[in-house]
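Per my numbering, the very first residue in the sequence shown carries number 6; after that it's consecutive.
Remarks on the structure that follows.
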Amino acid sequence: MSSEKVLPLNLEEIVGDFELCEGREKLELLLDFARSFPDFPDQLHSNFGMEEVPECMTPVHMASEEKEGKLFFYFDIPPESPTVRGFATLMMNGINGCNAEEILRIPSDFYLSMGLQDVLTPQRLNGMAAILAHVQRRAAQSLNS
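If you want it as structure tokens, here you go:
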């Protein structure tokens, strides 16, 4: 496994879209992602272990599954937390279908290149880092199983 930090292609494209935005456009794009936040599949509540992301002020629960070596992540986040839902949606769009090695190569601060620190509080950024850390921990667990 290469230790080089790179983004999966879909995530790289999303980051590029944010890099083209200026100021509040970044927040609007994040809110656009929030509007497309998918419902959490009912069958996953009982079939997969839900993991809480306690570092987030917002209640965030996550589940993952592996299909033919590819990982898929699902989040359950209240609608009253649109920025967190937006970040979770962009993560799902950017990494679902990647293998564990690809996910582990994502830099832990990749979202800073999106300029989100200009429109979000440090507390929200910490939550984003926590979500990524949990996703990467699940990816590491899949390599060891």
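Even glycine gets a Cβ: it sits at the ideal position worked out from N, Cα and C.
Since the model is a prediction, treat every value here as computed from it, not as a measurement.
From the options, residue whose alpha carbon lies closest to that of residue i
i: residue 24; options: 141, 138, 117; result: 117
i: residue 71; options: 65, 79, 64; result: 79
i: residue 150; options: 35, 67, 74, 65; result: 74
Beta-carbon proximity list for residue i, same chain, < 7 angstroms, skipping 5 on both sides
i: residue 124; result: 29, 31, 32
i: residue 98; result: 15, 19
i: residue 144; result: 76, 105, 108, 109
i: residue 131; result: 60
CB-CB length for residue i against residue j, believed under 8 angstroms
i: residue 22; j: residue 35; result: The pair is not a contact, with the Cβ atoms about 11 angstroms apart (cut-off 8 angstroms).
Is the segment 54-69 in contact with the segment 25-44, if contact means three or more CB pairs nearer than 8 angstroms? no
Return the chain-ordered ranges of every alpha helix (DSSP H) run that is complete within the segment 75-106 and spans a minimum of 4 residues. 87-100
Does the segment 138-147 touch the segment 32-43, meaning 3 or more C-beta pairs lie closer than 8 angstroms? no
Mind listing, in chain order, the continuous beta strand (DSSP E) runs of no fewer than 3 residues lying wholly within the segment 17-71? none
Could you say if the segment 9-26 and the segment 101-116 meet the contact criterion of at least three C-beta pairs nearer than 8 angstroms? yes
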